[in-house]
Amino acid sequence: MGFLLFLLYLLTLFASLKGCIGSYDVSHQLNDDVLGLVVFKSGLEDPSSYLSSWNEDDDSPCSWKFIKCNPVTGKVCELLLDGLGLSGKLGKGLQKLRYLKVLSLAYNNFRGTISPELGLIRNLERLNLSHNGLSGLIPSSLVSGGSAKFLDLSENYLSGPLPDDFFLNCTSLHYLSLAGNALQGPLPNMASCSSLNYLDLSNNQLSGNPEFLSGIWLLKNLQTLDLSYNAFSGSVPNGISAIHNLKDIKLQSNQFSGKLPADIGLCPHLRMLNLSDNHFSGSLPESMQRLSSISYFSLSNNMLTGNIPQWISNFNSLEFLDLSSNELTGSLPSSLGDLNSLKYMSLSSNKLTGDIPESIVHCTMLSVIQMRGNNLNGRIPEGLFELGLEEVDFSNNGLAGSIPPGSSKFFGSIHTLDLSRNNLSRYVPADSCLSSSLRYLNLSWNNLQSKMPPELGYFQNLTVLDLRNSALLGSIPTSICVSRSLSILQLDGNSFIGPIPEEIGNCSSLSLLSLSHNSLSGHIPQSMTKLHKLKILNLEFNNLGGEIPQELGKLENLLAANISYNMLTGRLPVGGIFQSLDRSSLQGNLGLCSPLLEGPCKMNVPKPLVLDPYAYGNQVQGNRPRDDSSNSKIFHRHRFLSISAIIAISAALLIVVGVIVISLLNLSARRASNFIESALESICSSSSKIESLTSGKLVFFDSKPSLDWVSNPESLLNKAAEIGEGAFGTVYKVSLGSQGIVAAIRRLVTSNIIQHLEDFDREVRALGKARHPNIVPLNGYYWTPQLQLLVSEYIPSGSLQIKLHERLPSSSSLTWTNRLKIILGTAKGLAYLHSFRPPIIHYNIKPSNILLDENYTPKVSDFGLARLLTRLDTHFMNNRFQSALGYVAPELACHSLRVNEKCDVYGFGVLILELLTGRRPVEYGEDNVLILNENVKILLEQGNVWDCVDPSMGEYPEDEVLPVLKLALFCTSQIPSSRPSMAEVVQILLVIKTPAPERTDFY
C-alpha cells in the first residue's frame, strides 16, 4: 500500500506540473492510465486472477486484458470487465482515465455506493454497472455531466428517490435502465431527454400520480417504455400518440386506474402493450383497432367491461393475447380465427357466454388456449385437438358433447389438458400416445359414461391424472402405471368395480392416491407397500376386504389415510400413520381391530398377549370405571398397561417435567431480564437526551421518508404508542409526520444485535426483498450504534392473539371458514419464506405474530429477526421460551440450537391446534399442566377428538377439521425429520380445502 500511495502522490505531482508547464507528452498520459488502473485494481478482489496482466511496471496498459486503447492517441478508451467475479468497492483511480468512453463492470459483486466522481469523467459515454450489489443513492452527476449516452444501473440495491436535477442535462442520453433496485418516490421531469429511446425503470417502488407521463409523452424518439412493477397510481393521460416511434409499453403491476388512453391506438409501430395487473376500467378504445403491428397484447387482471370486439382480427401480427380476469361479457367473436400468428390466448375468468367459435381451428400457430371460469356452452370445436397445442384449459364452463379425438400431433405436444367441471361425455384416447408430452390431465366432474382408457398408463410424462366424479365404468386398467410417472392419481366418485390392480405398486412416484366412493373389491394390494413417496391415501367407501398389509406402516412419508366404510379385518399396521388414525378414518370396518371401533374383531392369526382386558373391547366400554370430570375423562383408573403404553406415558411425563423446569427457570430469568431491560431502557433514554440520533442511517425500501421522522426519530418511541413486545424488542404504532402514513416500528433489543452497519444493512435488505400477500413487508430501517429500528407496514385489524384469546364477549368468534383461511394463508407465507436460499426462518411462530386484515387474510410478521443476532445466547433463549412457551420445538428446548425450517413447522402445528381448540399451547391448573398437542393426541387415540374442538367455532365440516387436526399432530412430531416441509403442508391443505388440485404456485 505504501507504493500505491506513492503512485497517487506522483499522479498529483504530474497534475500540478501540467498546470505549471501548460502541456505534457503522451508518455505522461500513459502513466496516468497505468497508475489509475493499478490504483483501481488495488481495491478489488480478483479470485480468478483475471487481472494478472495488469503490471504496474508497464509503460502502457494497452496490452493488458480487458483494455482497449485509441489506436491513434494510445489512450485508454474502453474498460470491459463484465462477468469476471470481481468484488470490492468502486474506489478511486478510474477518474484518472480522462479519455475513457466505455466503462462496463456488469455481472460482478461490487459493493458500496457509486462515487459521484464517475460522472466527472468528461468523455464517458457508456456506463454499465448492472447486476452487482451496489447500494445507496444514485449521484445526479452520472447524467448531468452531459456526455452520457448509455447508463445501466439495473439489478443492484440502489435506493432513495432520484435527485430532482437527475435529468437536468440529459440531451445526449439514449439508453437508461434503473430496473431491479429499491428506488422510491416520484420521477423528476424528463422533458429535456430529447434523444432518449430506451427507458426501463421497472421493479422498483416508484410512486406518484401519472402527471409525469405527460412529460414522457414529449420524448419523440422513445421506443421502449417500461414502468412495470412499481406503485404508480391514477389515470393515464392522453397524448401517448405523440410518440410516433414507440414500440414497447410495459405498465403492468402498478395501480393505474380509470379508462385506457383513447389515443393509445395511434402509435403505428407499437409491438408490445402490457397494461395487466392494474385497475383500468371501461371498454377497449376504438383506436386500438389500428394496432396492426401489435404482437403482444395483455390487459389481464383489470376491471375492463364490454365485449371482445370483432375488429380484434386487425391485429395481423398478434402472437400473445391475454384478456383474463376482467369483466368482459358477450360471446366470442368469430374473427378470432383470423389471428393466424396467434400462439397464446387467455380469456379466462370473465363472463363470456355462447359457443367457442369453430373458426378457432384456423389459428394453426396456437399453442396455449385458456378459457376457464366463463359461461361458455356448446361443443369443443372439431379439429381443435388436431393442432399442436401445448396447454388447453376449458375448465369451469358449461361445455357439452363428446371430447374430440386427439391426433398424434396433439398428444405429441400437449402437456396440460384441463376440461374439468363441464358436462362433457366420451373420452376418445390418442391413436399413438407412447411419445406423449402430457403431464397434467383433468377430466373431473364430467359425464363421460365410459371405461377408463387403458392407454393413459402409457403416457410417459403424465404426473397428474384427475378423473373424479366423471361417471367412469368398469375396472381400473392394469396398465395404469406402466410409465411410472404418476404423482397424483384421483379416481374418486366413479363406478369402478373389481380389485385395485396389483400393478398399482409400479406407480413409484405417487404422492396422492385417492380411490374413494367407488365399488372396488378384493384386498388392498401388497404391492402398495412399494409406494415410498405416498403422502395421502384415500380408500374410503368401497368394498375392500381382508387384512391391511402390515408393511404399509413402514411408509415413512404417509401423512394422511382414510380406509373407512370397507370390509377390512384384522390388525392395523404397526407404526407410521396407522397408529394415529382416528375413528372417522377407520369406521365402517366391523372386522377391523382397533380400540376406537365397536363390533367383533376378526383376525386370521393368533391374538397377541394383551395385559389390558379392555384394549380391544370398546363393545363393553360402558362397563368400564370412568371419571367424568373434564380434566380426567381421558384417563382410566385401575388399568393395566402394555409396555408401549408405559413408554408413551413416561415420555409424556418427561416432557411435562421438562416444561415445568423450564418455566421455573424462566421465572428466575424473567426477574433478571426485566431488571436488565429496565436498566437498558433507562440508559437509552438518558443517552438520547445527550446524543443526537439524527446522525444515524435511515433507509426506506418502499416510500419516501417523512422529514419529521428523519429529524427526530427518538420522539417516536413514546410508550403511549406501544402495541406489542417480544423477544426481539418492542413494537410501536407510529404516524410518520405530516403525511399521515401509519407504520409499525420495532425497536430491537441492543444485546447481540449486529453492530456493523454494512452487515446490518445486508441482512435487513435480504429480509426486505420478501414480498408476499401473507407476510408483512419490511419497508425500511433506522440505524445508529445505540438504536436500531425496523419499519413495517401497520395492520390495523390486530393479531390472531386478540381474535382468538383476547376478544371481547360482544365480538363474534372466528368461524371455521376464517380459521381455515388463516391456517392456509399462514402456511403459504411460511412456505414462501422457506423457499429463499438460504431459507428465511421465522423462529417465533405464535398468534401475536400473525396479523389479520379486515378480510381475515393472515400476514406473518417479524420473520427472520434471528438473522440480526450475532449469537443465540442463554439470555435470548430465556426470553424466547418465556414469550412463546409451547411453540418451541423440542430440539431447541435441549439447547442444541439447530434453527431450521422444521422449527417453524413445529410452531405452526401448535398454532393449528390452538385455532382448532381455542386453547393455549400450555395451560396450568391447580395440580397439573396441560400440554395441548399431547392432550389432543390422547383424545384422538381414544376416539373423543371432537371433545377438544372449540365450541365457539359453530358448525364445521368434520371431513375438513379432522384432516387439519391430524396434520397439526404431524407437524408437532418430536422428531424433526418426521415433520413435513411447509411446501408439503400447503399441498395437503389445498387438497383438504378444495376438490380440485391447484396447478398454480403453492406460495
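Going by mature numbering (1 follows the signal peptide of the UniProt record, and there is no 0), the letters in the sequence shown line up with residues -22 to -1, 1 to 981, in that order.
Built from N, CA and C at the ideal position, the CB exists for glycine as well.
Residue i (DSSP reduced to helix, strand or coil)
i	result
K329	strand
V677	strand
Y85	coil
Y884	helix
L59	coil
D300	strand
S312	helix
T441	coil
E879	helix
M931	helix
Y207	coil
T547	strand
L75	coil
Y772	coil
N353	strand
F389	helix
Y810	helix
A844	helix
Whole-angstrom distance between residue j and residue i, CA atom to CA atom
i	j	result
P25	L129	27 Å
K70	G14	8 Å
D36	G52	14 Å
T331	N292	23 Å
E23	Q183	32 Å
G569	N833	47 Å
S558	L354	46 Å
L918	P941	12 Å
Y77	V54	6 Å
S108	Q766	30 Å
L344	F275	15 Å
G315	N420	26 Å
residue 984	S391	In the structure displayed, the chain extends from -22 to 981; residue 984 sits before or after that span and is not available.
R268	P246	7 Å
K711	N216	41 Å
E95	K79	15 Å
N401	N374	10 Å
L115	L140	8 Å
L57	V12	12 Å
R350	L296	21 Å
L136	A209	17 Å
Sheet register partners of residue i (DSSP bridge)
i	result
K67	R89
V866	According to DSSP, V866 bridges with nothing at all.
V54	C47
D130	N106 and S155
P477	S499
F258	G236
V838	I753 and I828
R740	Beta-bridge pairing links R740 to no other residue.
Cβ shell of residue i (< 6 Å), same chain only, five flanking positions each side left out
i	result
G702	V709
L843	F706
G66	G21, L22 and E23
L59	F44 and L83
G260	K237
K74	D10 and G14
Cβ neighbours of residue i in the same chain (closer than 8 Å, five flanking residues each side left out)
i	result
D333	S309, L310, L354, N355, G356 and R357
I966	K513, I514, L537, A538, P941, L945 and P958
N439	H393, S414, S415, L416, R417, S461 and S463
Nonlocal neighbours in the same chain, by C-beta distance under 7 Å from residue i, ignoring five residues either side
i	result
H257	Q233, F234, S235, N280 and M281
Touch check for the region 924 to 934 and the region 772 to 779: three-plus C-beta pairs under 8 Å?
no
contact_flag[the region 787 to 807, the region 731 to 744] where n(CB pairs < 8 Å) is 3 or more:
no
Counting pairs of Cβ atoms below 8 Å between the region 101 to 118 and the region 40 to 48, do you hit three or more?
no
Is the region 167 to 186 close to the region 134 to 148, with three or more CB pairs under 8 Å?
yes
Does the region 814 to 827 come close enough to the region 936 to 954 that 3 or more CB-CB pairs lie under 8 Å?
no
Cβ contact check for the region 908 to 915 and the region 510 to 528: 3 or more pairs under 8 Å
no
Would you be able to state if there are at least three C-beta pairs under 8 Å between the region 186 to 193 and the region 133 to 144?
no
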